[in-house]
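What follows is a short report on a single structure.
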Amino acid sequence: MPTMLPTANFQRLPPGQLNPATNLGADWRRYRLAMLCCVSLIGTSNAHANPKLPQLSFHTFGTGGTVYVPEGNADFIRDVTQLSGPSAGQWSVAVDSLIGGQINLKFGEKFELVSQAVSRHRYDDSYRPELMWALARYSPRPDLDLRGGRLGTDFYMRSDSRLVGYSNLTIRPSVDYYGGVPYYYFDGVDASFSYPVGSGILRSKIFAGFNDEKIPLELTPSWRSDNSLVLGGSLDYIIGSWQFRFGYFQIDNRRNLPGSFETLLNVLRTPPTPGALAAANALATADSTGRHFSAGLIYDEGPLQIQLLISGVKQDSAFLQESVSGYLLGGYRLGDFTPYAGLSWSSSTPARLNSTGSAGLDVLVKSAIARTGLDQHTFTLGLRWDFYPGMDLKAQWDVMQGSPDSRLLYRWESGDWNGRMQVLSLALDFAF
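In terms of the working numbering, the sequence shown opens at residue 527 and continues consecutively.
What follows is the structure, given as structure tokens:
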């Protein structure tokens, strides 16, 4: 019988082994080293830039955060690119802490080069800096932008600024909404065109490229997207203090999941009985397509901010459950302080497959599909203090209420996992 994806009785990681929640001293040492490496790399690039070139700018941003989980028998993660996190009674600085730097080199008003690197807690438990952006932008007209290279994913509204904590009202973007979307960049091209419509501006964008990122699912090699084709576009309408968006993107997966999932597919195909083979073909992620639809609005006027975003995902693979997610967030600024509150939700529908002809195999197939289940909502309360230009302090409390079948957005559930968790977070953000 194959070893399945982590289930309720999967043994937790030993202290200090791929579990940053259990070793805060090692967390800080790794984070500090990565921070110095990242700053040194970008600083060196800036020092060797041609001082005669005009409009050379260097920007840094980062978050120093700590998370405590008073309740919840599973590991809390920021999104599915993280392999582990804190669970009940544990602290962690790994979930939200990161540092990044960006270089912009402008040649007049029409041409610009942009490079951005970020050090964060990665799929392999390291903080090695990643190249997030490396692009060239050409604007032949004020209303037309053409870009090529490594581009940040603008798939969902505000998704291209997820790692810049200072630009977000909350400590982290909604886990229910963004946590299951592990794509941060792709290599390709995009084009955006803006034109006046009525009293507002309509902006359209199309993009195409290839994604090559890794997603950890268990203690085996991570699932690699392996230059999967990405296509999509968005339509924004901006009028006064309102911004509306409709978006779509799809990603054509190139590979099956590794590890125990691959073992399960091999078992289903040996011997190739009709029922088992049909189940294997339905579960396979290789040559499958995920289609993402989204809509949202943002209101930002004076002290009041409101965000409402909704998305839906359709999947060809039965293993990757189809889902609907959304969140509503509001904040009101009172001097330097902004209290905020939010409600987010996510739910999915598991595929129903015909019997494989074996009761044992049916259990394994059902267990595999259950690994990507979503059925929860989250209440968020927080306070942001902008105590210095370009810097803020935030405190946040999240209460997740879900069913035991809600597993995708967590890691290493214990036997008494009930789908509920509380998370207390503190963060210092900066952007200069």
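The C-beta atom is built at its ideal place from N, Cα and C for all residues, glycine as well.
Fill in: Residue span of the beta strand (DSSP E) that contains Phe787, given as start and end
No beta strand (DSSP E) holds Phe787; the alpha helix (DSSP H) holding it covers 786 to 794.
Worksheet entry | For Ala662, the residue or residues it bridges with in DSSP | Leu639, Gly674
Fill in: Assumed close pair Ala620, Glu597 - CB separation to whole angstroms, cut-off 8 Å
Contact flag wrong, Cβ pair sits at about 20 Å.
Worksheet item: For the beta strand (DSSP E) that Gly588 lies in, which residues bound it at each end?
Response: 582 to 597
Worksheet entry | Cut-off 6 Å between Cβ atoms - residues of its own chain near Ser951, not counting five sequence neighbours on either side | Val593, Ile697, Gln922
Worksheet item: Are Tyr710 and Ser767 close, meaning C-beta to C-beta below 7 Å?
Response: no
Worksheet item: In terms of residues, what are the limits of the beta strand (DSSP E) holding Asn807?
Response: Run containing Asn807: none in the beta strand (DSSP E); it sits in the alpha helix (DSSP H), 800 to 809.
Item to complete: May I ask you to report which of helix, strand or coil DSSP gives Tyr858?
Response: strand
Worksheet item: What are the boundary residues of the alpha helix (DSSP H) that Ala896 is part of?
Response: 885 to 896
Worksheet item: Is the CB-CB distance between Ala600 and Trp943 below 7 Å?
Response: yes
Worksheet item: Leaving out five residues before and five after Leu823 in sequence, what residues of the same chain have Cβ atoms less than 6 Å from its Cβ?
Response: Phe770, Leu834
Worksheet entry | Thr864 to Pro829 span [Cα, whole Å] | 8 Å
Worksheet entry | Candidates Ser748, Arg663, Ala953, Gly773, of which the one nearest Gly675 by Cα | Arg663
Worksheet item: By DSSP, does Leu567 sit in helix, in strand, or in coil?
Response: For Leu567, the predicted structure reports a pLDDT of 41, less than 50, and the residue's modelled location is therefore unreliable. The matter cannot be settled from this model.
Discussion item. Applying the 10 Å Cβ sphere with the 16-neighbour rule, what's the burial state of Thr875?
Written reply: exposed
Worksheet entry | Cβ-based burial, Phe587 [other Cβ within 10 Å; buried from 16] | buried
Discussion item. I want to see whether chain D comes within less than 7 Å of Asn782, judged by CB atoms only; does it?
Written reply: Among the protein chains of the structure shown there is no chain D, as only one such chain exists.
Practice prompt. Spell out a yes or no on whether the stretch 848 to 860 and the stretch 881 to 892 are touching, meaning 3 or more CB-CB pairs, one atom from each, closer than 8 Å.
Written response: no
Worksheet entry | Reduced DSSP secondary structure (H/G/I, E/B, other) of Val949 | strand
Practice prompt. Could you name the residues of the same chain whose beta carbon sits closer than 6 Å to that of Ser628, not counting the 5 residues immediately before and after it, in chain order?
Written response: Note on identity: in this sequence residue 628 is Gln, with Ser being the wrong assignment. Closer than 6 Å at Cβ, skipping near neighbours: His585, Gln642.
Worksheet item: Buried or exposed: which applies to Gln581, given that a residue is buried once 16 or more other Cβ atoms fall within 10 Å of its Cβ?
Response: exposed
Worksheet item: How about Phe819 and Val756: do their beta carbons lie closer than 7 Å?
Response: no
Item to complete: Please work out which residues of its chain come closer than 8 Å, Cβ to Cβ, to Arg795, disregarding the five sequence neighbours upstream and downstream, and give them in chain order.
Response: Ala802, Leu803, Ala806
Item to complete: Can you tell me which of the three DSSP states Ser730 falls into?
Response: strand
Item to complete: Evaluate contact between the stretch 893 to 909 and the stretch 923 to 938, counting only Cβ atoms and requiring at least three cross-stretch pairs below 8 Å.
Response: yes
Item to complete: Please name the residue in Asp622, Ser610, Asp671 whose C-alpha comes closest to that of Phe637.
Response: Asp671
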